[in-house]
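Residue numbers (the working numbering): 111 to 579.
Ideal placement from N, C-alpha and C gives every residue a C-beta, glycine not left out.
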């Protein structure tokens with residue numbers, strides 16, 4: 111399972127976030143803060159080429175690099191409402207089983223196993239929501255429909271990985287792809303005397319748009335030309351439609367590129383060509399107008415593959431991953447806490463000690479309700495106890511409301527969506543129904559442990575209930 115962990119608490123106060131590596135340079139932090147103000151957060155997919163576990167999904171935030179998970183991945187693509195991701199897979203016994211997962215703001219929404227698609231590299235999403243997949247190992251790009259149907263789009267000549275098709279992109283003129291060369295034999299492009307045979311291709315016609323590239327990735331249309339990562343030369347290049355070319359060395363294997371305005375983020379992994387000093391993997395911020403590096407931050411991985419920008423809501427969905435079923439997560443977490451050899455029953459939430467019965471609830475309660483109406487209150491809950499809390503029997507903890515001086519039925523609950531660790535914050539909606547009798551009524555909105563007590567830290571006050579018109 112990927113997504114929210116259930117093993118134990120972490121130091122950061124939200125969502126099991128773990129720092130990935132080095133600090134964010136000041137110049138990059140300012141840019142990331144400005145992007146965040148516009149709901150743009152960079153996401154990085156990475157993998158470990160030597161199978162040491164050196165990969166996963168990362169988020170770049172002004173305060174540091176967050177490890178979302180540690181599952182080696184290649185292609186990433188988003189259309190604003192969904193993020194598609196390719197898990198890195200290996201062929202076993204000559205059989206390839208590629209995996210794509212799609213996450214929306216709530217978490218895992220789609221899983222596709224693509225039999226026979228080999229060595230998936232890049233992903234892209236077309237206007238209809240289909241996913242374009244680069245099947246590098248057998249020299250083709252395909253379109254994958256919502257039902258998993260695979261349709262060939264561009265199929266190169268030759269056997270096996272004869273071209274090393276790797277990245278695709280769309281412009282107003284159509285779809286384009288990069289390849290390391292156009293040879294007839296498997297990996298014939300890999301010979302050292304052929305590394306300048308890389309091309310940018312028009313996927314509709316198969317025609318060569320740009321040639322002479324050194325192991326190209328990530329073509330991006332920019333102005334009257336293209337920005338391309340020439341990975342084999344440890345640089346990015348700006349190639350004009352007039353044939354002009356400008357290069358920027360970045361001291362490592364360049365792959366992964368996203369552009370926002372006059373700035374670009376570029377993934378840089380250790381050089382494969384011996385042309386630069388050995389470096390760890392990093393994301394580099396480039397000023398495209400000044401054509402210079404602004405700063406870089408290290409990322410705890412072996413190889414960077416892709417970069418995209420997502421909204422905070424989609425980032426939350428990526429964090430949640432397959433953890434969309436709160437009850438399943440809480441049960442799994444409770445089972446993890448069973449002593450060795452204990453009966454196979456998960457323990458319920460034990461009564462909180464009297465000196466630990468406080469959970470902060472931040473909520474704006476309207477001063478006036480209409481009798482009998484239903485209102486949705488947006489609440490922010492923070493676990494200020496010393497223990498994990500959950501909506502587990504026999505004494506589940508939940509968010510609730512109760513009208514004072516009224517029958518006990520005038521109350522309601524909202525279950526916690528998962529196990530909440532000490533210090534963790536969540537947002538939760540609580541549906542409140544007003545009493546039918548007009549007048550001034552006391553209202554409590556707070557956490558409650560069933561059969562034990564209402565907990566401190568919530569809202570208690572008098573609100574007016576007016577008659578319905």
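Next item on the list: Check whether the segment 460 to 474 touches the segment 207 to 224, taking contact to mean three or more Cβ pairs, one atom from each stretch, closer than 8 Å.
Entry: Using a C-beta cut-off of 8 Å, the segment 460 to 474 makes no contact with the segment 207 to 224, since fewer than three inter-stretch Cβ pairs fall below that distance.
Check: Would the segment 424 to 432 and the segment 395 to 415 be scored as touching if the rule is three or more Cβ pairs under 8 Å?
Finding: no
Next item on the list: Going by CA-CA distance only, name the one from 321, 513, 375 that's closest to residue 354.
Entry: Here the closest residue by C-alpha is 321.
Checklist line | CB contact flag (residue 151, residue 169, <8 Å) | finding: A Cβ-Cβ contact shorter than 8 Å links residue 151 with residue 169.
Next item on the list: Report the residue from 240, 366, 528 whose alpha carbon sits nearest the alpha carbon of residue 330.
Entry: 366
Next item on the list: Select from 137, 157, 166, 188 the residue whose C-alpha is nearest the C-alpha of residue 421.
Entry: 188
Note to self: What does the alpha-carbon distance come out to for the pair residue 275 and residue 555?
What the structure shows: 57 Å
Margin query: Assess contact between the segment 494 to 503 and the segment 535 to 553, defined as three or more Cβ pairs (one per stretch) separated by less than 8 Å. Is contact present?
Written below: no
Next item on the list: Run the CB neighbour count on residue 143, radius 10 Å, all protein chains shown included, and call it buried at 16 or more, exposed below.
Entry: exposed
Next item on the list: Would you tell me roughly how many angstroms separate the C-alpha atoms of residue 514 and residue 438, rounded to the nearest one?
Entry: 34 Å
Check: Cα-Cα, which of 379, 245, 482, 196 is closest to residue 211?
Finding: Out of 379, 245, 482, 196, the CA that lies nearest to the CA of residue 211 is found in 196.
Margin query: If contacts are defined as beta-carbon pairs under 8 Å, then residue 231 and residue 244 qualify, I think. What distance do you get, rounded to the angstrom?
Written below: 4 Å
Note to self: Once DSSP output is grouped into helix, strand and coil, what is the label at residue 404?
What the structure shows: strand
Notebook entry, point to check: Roughly how many whole angstroms lie between the Cα atoms of residue 539 and residue 488?
Noted result: 5 Å
Checklist line | Residue from 133, 135, 134, 141 with nearest C-alpha to residue 369 | finding: 141
Margin query: I'd like to check one pair, residue 341 with residue 357: are the Cβ atoms closer than 8 Å?
Written below: no
Next item on the list: Please indicate yes or no: does the CB of residue 207 lie closer than 7 Å to some heavy atom of the ligand HEM?
Entry: No copy of the ligand HEM appears in this structure; indeed no ligand is present at all.
Notebook entry, point to check: How is residue 141 classed by DSSP in three states: helix, strand or coil?
Noted result: For residue 141, the secondary structure class from DSSP, reduced to helix, strand or coil, is helix.
Notebook entry, point to check: How would you write the range of the beta strand (DSSP E) that residue 579 sits in, first residue to last?
Noted result: Per DSSP, residue 579 belongs to no beta strand (DSSP E) and is neither H nor E.
Item checked: residue 575 and residue 549 closer than 8 Å at C-beta -> yes
Checklist line | Rounded straight-line distance, which links the Cα of residue 567 to that of residue 286 | finding: Their Cα atoms are separated by approximately 57 Å.
Checklist line | Assigned secondary structure, residue 246 (DSSP; H/G/I helix, E/B strand, else coil) | finding: helix
Next item on the list: Taking residue 182 as the reference, give the member of 158, 480, 349 with the closest Cα.
Entry: For the options 158, 480, 349, the alpha carbon positioned closest to that of residue 182 is the one of 158.
Next item on the list: Quick one: residues in its chain with C-beta nearer than 6 Å to the C-beta of residue 135, no 5 flanking neighbours on either side, listed in chain order?
Entry: 405
Margin query: Quick check for students: name the residue ranges of the beta strand (DSSP E) that lie wholly in the segment 470 to 537, counting only runs of 3 or more.
Written below: 470 to 473, 478 to 480, 484 to 492, 507 to 513, 521 to 525
Check: Three-state secondary structure (DSSP) at residue 333?
Finding: coil
Item checked: Buried versus exposed, by CB contacts within 10 Å (16 or more), residue 221 -> exposed
Checklist line | Where residue 344 sits in the DSSP three-state scheme | finding: coil
Note to self: Measuring straight from C-alpha to C-alpha, what distance separates residue 335 and residue 352?
What the structure shows: 8 Å
Next item on the list: Give me the Cβ distance between residue 324 and residue 350, rounded to the nearest whole Å; I'm assuming they're in contact under 8 Å.
Entry: With 8 Å as the limit, residue 324 and residue 350 do not qualify as a contact, their Cβ atoms being about 18 Å apart.
Margin query: Quick check: the Cα distance between residue 328 and residue 374, rounded to an integer number of angstroms?
Written below: 12 Å
Next item on the list: Can you give me the start and stop residues for the alpha helix (DSSP H) that residue 427 sits inside?
Entry: 422 to 430
Notebook entry, point to check: Buried or exposed: residue 495, going by 16 or more other Cβ atoms within 10 Å of its Cβ?
Noted result: Classification of residue 495: buried, given that the 10 Å Cβ count is 16 or more.
Notebook entry, point to check: For residue 418, which residues of its own chain have a beta-carbon under 8 Å away from its beta-carbon, when the five flanking residues on both sides are left out?
Noted result: 152, 153, 186, 187, 188, 193, 368
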